[in-house]
Each structure stands twice: as structure tokens, then as C-alpha cells.
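Number of protein chains: 2
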Amino acid sequence: MPKPTPLLMTVDVVALSVRPDDGLCALAVRRGSEPHKGRWALPGGFVDKDEPLDKAAARELGEETGVSPRSLELHQVGAYGAPKRDPRGRVVSLAWLTALPASTEVAGGDDATDARWFPVADLLKPRKLAFDHATILKDALALAGRELEDSSFGTRFLPRAFTVSDLREVYEAVWEQELDAGNFQRKVTGVPGLLKPTGRTVQRGRGRPAALYTAGSATTISPPLTRVG
Amino acid sequence: MPKPTPLLMTVDVVALSVRPDDGLCALAVRRGSEPHKGRWALPGGFVDKDEPLDKAAARELGEETGVSPRSLELHQVGAYGAPKRDPRGRVVSLAWLTALPASTEVAGGDDATDARWFPVADLLKPRKLAFDHATILKDALALAGRELEDSSFGTRFLPRAFTVSDLREVYEAVWEQELDAGNFQRKVTGVPGLLKPTGRTVQRGRGRPAALYTAGSATTISPPLTRVG
DNA sequence: TCAAAAGTGTTAACTCTACACCCATGC
DNA sequence: GCATGGGTGTAGAGTTAACACTTTTGA
Numbered sequence: 001m002p003k004p005t006p007l008l009m010t011v012d013v014v015a016l017s018v019r020p021d022d023g024l025c026a027l028a029v030r031r032g033s034e035p036h037k038g039r040w041a042l043p044g045g046f047v048d049k050d051e052p053l054d055k056a057a058a059r060e061l062g063e064e065t066g067v068s069p070r071s072l073e074l075h076q077v078g079a080y081g082a083p084k085r086d087p088r089g090r091v092v093s094l095a096w097l098t099a100l101p102a103s104t105e106v107a108g109g110d111d112a113t114d115a116r117w118f119p120v121a122d123l124l125k126p127r128k129l130a131f132d133h134a135t136i137l138k139d140a141l142a143l144a145g146r147e148l149e150d151s152s153f154g155t156r157f158l159p160r161a162f163t164v165s166d167l168r169e170v171y172e173a174v175w176e177q178e179l180d181a182g183n184f185q186r187k188v189t190g191v192p193g194l195l196k197p198t199g200r201t202v203q204r205g206r207g208r209p210a211a212l213y214t215a216g217s218a219t220t221i222s223p224p225l226t227r228v229g
Numbered sequence: 001m002p003k004p005t006p007l008l009m010t011v012d013v014v015a016l017s018v019r020p021d022d023g024l025c026a027l028a029v030r031r032g033s034e035p036h037k038g039r040w041a042l043p044g045g046f047v048d049k050d051e052p053l054d055k056a057a058a059r060e061l062g063e064e065t066g067v068s069p070r071s072l073e074l075h076q077v078g079a080y081g082a083p084k085r086d087p088r089g090r091v092v093s094l095a096w097l098t099a100l101p102a103s104t105e106v107a108g109g110d111d112a113t114d115a116r117w118f119p120v121a122d123l124l125k126p127r128k129l130a131f132d133h134a135t136i137l138k139d140a141l142a143l144a145g146r147e148l149e150d151s152s153f154g155t156r157f158l159p160r161a162f163t164v165s166d167l168r169e170v171y172e173a174v175w176e177q178e179l180d181a182g183n184f185q186r187k188v189t190g191v192p193g194l195l196k197p198t199g200r201t202v203q204r205g206r207g208r209p210a211a212l213y214t215a216g217s218a219t220t221i222s223p224p225l226t227r228v229g
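Protein chains in written order, with full-length UniProt numbering: chain A, 1 to 229; chain B, 1 to 229.
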């Protein structure tokens, strides 16, 4: 049994949002220091001593992008630890997924000279993201898709009150497919505790006003939503 | 941006097996050194410098339990990094899930004075497992159940050639529920590429001989197997 | 001949998809 | 009125759970 080798651990956050003009976007920051200074990367940084891993992810997201919502639902995507993935030495990254409302304003800070929302397709272009962050983003997108199937994760993309159409647009953006509006309506309103009616309605352009809901207490959707219809 | 604090990283492996008398079991080792010397724990240990994380998990499993199958399918369960989880300091554990055939012989080695299969219910008893390994085991069991739904992971519990009943017993053990034999048969044999008939049959006690299959090339089951029926 | 396990057939219940249709609003 | 999006109704297709039934063996 050899003496253990210490290593460095970072947390990186894939923060997704569905934005009116650009569709599904992820938050990226421009790196303010080496390595990959000046390139775009996922917000993240080193875990502090005695800091829980999820708290580290929330802290780094806040420091580098100015995002600090009241409650952040963070899902572990996975650990990325290929030996040469970071030129600084052995750095293992723990990736996290979260979703933010489209209204979320971002601003570079700390070690990030800039922070911006990018359509995910842009970020997945070769050599756009530093390190192995494109791989992380791909895995996070897959996880997001699975979360939508059987959890209330989709509501995390939306403001406190939202319509069923708002929620459907989130699903369509993440799943990259259109859904039947009527069937979707029935399905999500039929899950006990998923959506809590507010009694209020909202008018958006033309058409009948839509009922406003808030997220209910249910966190799982059973049976899962399917990606057809 | 404070100077990064190095930390220690371990890999821990939840190796599951469905055993004739004990049902669903996990592999545990008796710790040969402090902390928790003499207690049972999941096999695992420190990640070496320049060692990929999955390789570290496979290596530790081999060193501590004597298990070294030609191919090991390892699934990441998650990272566990509560600040006080290990008295040696800041140690983050990355947990992995794998499945082994019931025929797998184990023997303590390296830093483990003993290695044994335990029914999972035993290992989940309070204070049975060292560190936060009971939590890790619970999460790994949940992941195993999900893997069975939509992947070929179940075949990893079985020897190269197996019957549909063998596979069903795996599902019943992991899901903790009985399944209709006829419906299960139809479902799994109907998934294209999941099972490859060998043309041979095997007689087990009474009853009609069962056809032997090997795992096919398909890794996903769509639509997923459901836990009813 | 009986019991047991493997494997197939059958059907009623259920679910889902596709689309029709009504509702409530702005223009 | 008419277009548009919200929301409900519904029929046909497809799927599934439950269980009957046949097959093939050991005892």
C-alpha cells in the first residue's frame, strides 16, 4: 500500500437555461488566468478545505457568474479525472448540473473576466470550451434529459409562477423535439402534487389566457414522461 | 481566489452478486489498518498519481478481494465528500458499482485482512459498515435497480452462458419483487440483440430444460422493463 | 403419473397518440 | 370575424398484466 498522493479537486457547474431567442443555453465564463486564459469554460474552481462538495459548486457559480438564487438544485453529473486533463497536474473535476430561469442575469467575477449564456450547440463546437468541458456538458445534457422524464427538474428552469406552455417549452428545448401540447398538458397536470394552481392566469400575446402554476411538492413523475407525442 | 488545497481521493467499489442462498450480496472487506481497523468496509483505496479513476477502482477491487475478471463494467455512483467523513483529513471518495457472477471467489489481500460476501440487508444494519459506506451502498443499490430497467447490466451478474430464469432471479433480487416468469421471458427475449441464443440447453433439477443464452451486443433496453408484472 | 420449470397463447384492461374540438382572448 | 394559444374530449392503436395452457423433464 503506497503512501497516498494528494490531488486537486475542482467543481464545475453546467447551468442550463431556456432562453427566449436562443433556446437551450449553458452558462460559460471567460477564464481570467492560466491555463486556457481567455478561453471559455464552465464556471467552477477548487474545492476549499472543509467545504461540502455541493456548497463548493454553488459558491463557484456565485463567484464567477453572479448567480445566487435562493435555492439551487444541484445534481451530480460525475467525476472527470483523466490524468492529463489539466496541465496544472492531477486535477479531478466533479461536475454538477443545475437549471436557472431565463430571467437570470449573469456577470463575470472573481477569476472570470466575463460570463455569458451560450446556446449549447455553440459550446459543443470543437475547441470552444477549455479542458474536457465539452464532454462534461454533453453528459450533463443527457442527465438533464433523464431528469425531465421522471422528476420535477423541469420546473427549475422557470420562475416561481409559470404556465404549462412554459414548462412544455423547457421540455422541447432539452429533448430537442416537439411535444403535443394537449397531451403534455394532461400529463403534467395529472401528476399528483407536481403543479400547484395559483388560481391566477396570464395573457401572453394572442390566445386564451393560461393558468399559472407554481411547483408543487412532488419531485418524481410516475410513470415517466415519454419523449414521443 | 485562495490557493487550492490538495486533498486525498479514494475509490470505493460496490460489487454486487446474487448468490444462491443469500440473495443479493455485496462484497465487503475487513480493514487491516486505521481508521476503523477491523471493521467491515467497501473495498477501495487511494487513487494513484496518473491513474484513471475507473482503473483505480478496478485495481483496488483486485488488490483487496482477489477479484479480477477480464472485463469489469463499472458505473459511477457518485462522489462523497462531506468534510468530516474520514478522520485522516479531507478525503473525497468516488463510489463505483459493478456486478459479479455468483461463482466469483474472493479472498482478502493487501490492506484487507478478509473479504466476504454479505447479504445487503446485513451491511445496511447501523454501524456495520465503516465511514459513510452504508450511504454509498444504498445509493449504489438504487443505481443498480435503475440500470436493470434500461440496460444490459443484469447480465453482468451471470456467467457467460445463462438462462432467462437466471436473469429473472437477478431482477427479482435487486428489485425485491417477484416477476411473472412468462412475461419476463417474452420481454427480454424480445429486445433485439440483448440475448444471443447459444442453441444449447441446460437441465436444472426438475422441469423442462432451459435454453442457454449469452449476452448480446445490445446495451440498452427500450422500452424499459417495468417493475410490475 | 405427478410435480415442476420453461416457454407460448390469449384476452381484458389499460394507456397512449393523434387529432378534433371548444374556450377565451387580441386584433 | 378570425387567428392564436389554452385546454378538453375521444377513438383507434398499441401495450401490458394476469393467467391459462402446452412442453419437457426428474422423480
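C-beta: ideal position from N, C-alpha, C; glycine also.
Taking the Cα positions, Gly108(A) is about 54 Å away from Gly23(B). A distance of 9 Å or more separates the beta carbons of Gly45(A) and Glu34(A). Going by DSSP, Asp114(B) is part of the beta strand (DSSP E) stretching over Ala112 to Pro119. DSSP, read as helix, strand or coil, puts Gly78(A) in strand.
In this structure Ala112(B) touches Gly32(B) by the C-beta definition: roughly 6 Å separates them, less than 8 Å. Against chain B, the CB of Gly62(A) has no partner CB under 9 Å away; the residue lies outside that interface. The contact set of Gln203(A) on chain B, defined by CB atoms closer than 7 Å, is empty, because the minimum CB distance reaches about 39 Å. Look at Leu24(B) here: in three-state DSSP terms it is strand. The region 127–215 of chain A contains, as complete alpha helix (DSSP H) runs of 4+ residues, the segments 133–150, 164–175 and 181–190 (chain order). Here Thr201(A) is exposed: its Cβ has fewer than 16 other Cβ atoms, across all protein chains shown, within 10 Å. With contacts defined as CB atoms closer than 9 Å, Ala79(A) and Ala79(B) qualify as a contacting pair. Contact residues of the region 90–109 of chain A toward chain B are Arg90, Val92 and Leu94 (C-beta to C-beta distance below 8 Å).
Note that the C-beta distance between Ser17(A) and Trp175(A) is not below 9 Å. When 9 Å is used as the limit between beta carbons, Pro87(B) is near no residue of chain A, the shortest such separation being about 14 Å.
For Leu158(B), the closest of Gly199(B), Thr104(B) and Ala140(B) by C-alpha to C-alpha distance is Thr104(B). Taking a beta-carbon distance threshold of 9 Å, Leu8(A) counts as an interface residue toward chain B. Ala144(A) and Gln76(A) have their C-alpha atoms roughly 11 Å apart. According to the DSSP secondary-structure assignment, Ser222(B) is paired through a beta bridge with no residue. Using a CB distance below 8 Å, the part of the region 44–74 of chain A facing chain B consists of Gly45, Phe46, Val47, Asp48, Lys49, Asp50, Glu51, Pro52 and Leu53, ordered along the chain. Within its own chain, the residues whose Cβ lies closer than 7 Å to the Cβ of Gln185(B), once the five positions on either side in sequence are excluded, are Val164, listed in chain order. Judged by DSSP in its simplified three-state form, Leu53(A) adopts helix. Its Cα nearest to that of Pro197(B), the residue Thr189(B) stands out among Arg204(B), Thr189(B) and Val120(B).
DSSP places Asp86(A) in the coil class of the three-state scheme, outside both helix and strand. By the criterion of at least three beta-carbon pairs nearer than 8 Å, the region 5–16 of chain B is in contact with the region 90–102 of chain B.
When the beta-carbon positions are compared, Leu100(B) and Ala41(B) stay at least 9 Å from each other. When DSSP reads this structure, Gly45(A) sits in a beta bridge with Val11(A). Around Gln76(A), the beta-carbon contacts reaching into chain B at under 8 Å are Gly78 and Ala79.
Using a Cβ-Cβ cut-off of 9 Å, Pro4(A) counts as an interface residue toward chain B, since at least one Cβ of chain B sits closer than that to its own. Assigned with DSSP and collapsed to three states, Thr104(A) falls in coil, not helix or strand. A distance below 9 Å separates the beta carbons of Asp114(A) and Val29(A). For Ala140(B), not one C-beta of chain A is nearer than 9 Å to its own C-beta.
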